[in-house]
Each structure stands twice: as structure tokens, then as C-alpha cells.
Amino acid sequence: MLNTIVLIRTDNFKKALTALADLVRYGGMKIRGTPRIIPPALSDWAFEQIVGEKPRKRVKAHVVAQVDLPASKAIGRIRDIHPPAHIIVIPVGSPVHKELLRLWGTFKELKGFHPPKETKRTSEDGLE
């Protein structure tokens, strides 16, 4: 089974690690495998293909990770948690998804990511 991919674009890798932890802790997602660092040109291309316009802001950290949710659910949860990075959800089956998976083994692993303990999502939080 293929996983949805999230592209994280931010100022530095510390913020990228925080955003990944927020996806797990507050978004209730599981990160599959190890997040990877991708080249800025590929990140800009993926952004342009998914969003439909060129990125306005130059960033220094470009990270991709596979998550266990369908794209529509992942988008909804990301909207709820407001992570400290720009996160683009790349749906399974899209040309960008296919290209990222094709190149996955060539990307350098992001060091320092350890999934945090999950925080329970309850109906009191309004997130369930």
C-alpha cells in the first residue's frame, strides 16, 4: 500500500523536526519510515505542481515524509494544528508522488527525528 507524502518547507531543519513531531503528536499521524531531505529544486517543482504557482518564499529546509493517512484527512488535520512550517500534502497517484517515490532511495535521511509519544485526540479537543 502506498502512503501519502508530506513536503515540509521551512527556514531550518530544527523547525522541520518540530513540524514532524507536531504531525504525530497533535495530528494523530504516523510517520512511515525515515523522513528524507530533498534538493531545493525538486521541492520547488513539487510545490509548483501541487499548489499551481511558484513558491514566493525561499526556504533552506526541504523535507519529505510518508504518513499513514489519506491526503484529504491529512490536509484537515494539518489545518487544525498550525505547524511551524509550510506543509504540502502530496496525494497518492499524482505525478509528483510517483516521482518522489522513484527518487526516494537517493534522498539523504533526516537525522534527529524520533517519533514523540502520541497525545490522545479527544472529542473535547474538537479534533476527533
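Counting from 1 along the sequence shown, just add 5 to a position and that's the residue number in the numbering used here.
Yeah, the Cβ is synthetic: ideal placement off N, Cα and C, and Gly gets one too.
S48 is classed as buried because its beta carbon has at least 16 other beta carbons within 10 Å across all chains shown.
Inclusion of A90 and A21 in the CB contact set at 8 angstroms is warranted, their separation being smaller than that value. Across the set R61, N17, I43 and L28, the C-alpha of I43 shows the shortest separation from the C-alpha of R107. Of all C-beta pairs linking the region 108–115 to the region 25–43, three or more are shorter than 8 angstroms, placing the two stretches in contact. Closest option to V69, judged by alpha-carbon separation, among P96, P121, K78 and G81: P96.
Apart from sequence neighbours up to five positions away, the residues of its chain that approach V72 with a beta-carbon distance below 8 angstroms are N8, T9, I10, V11, L28, M34, K35, I36, R37 and A79, ordered along the chain.
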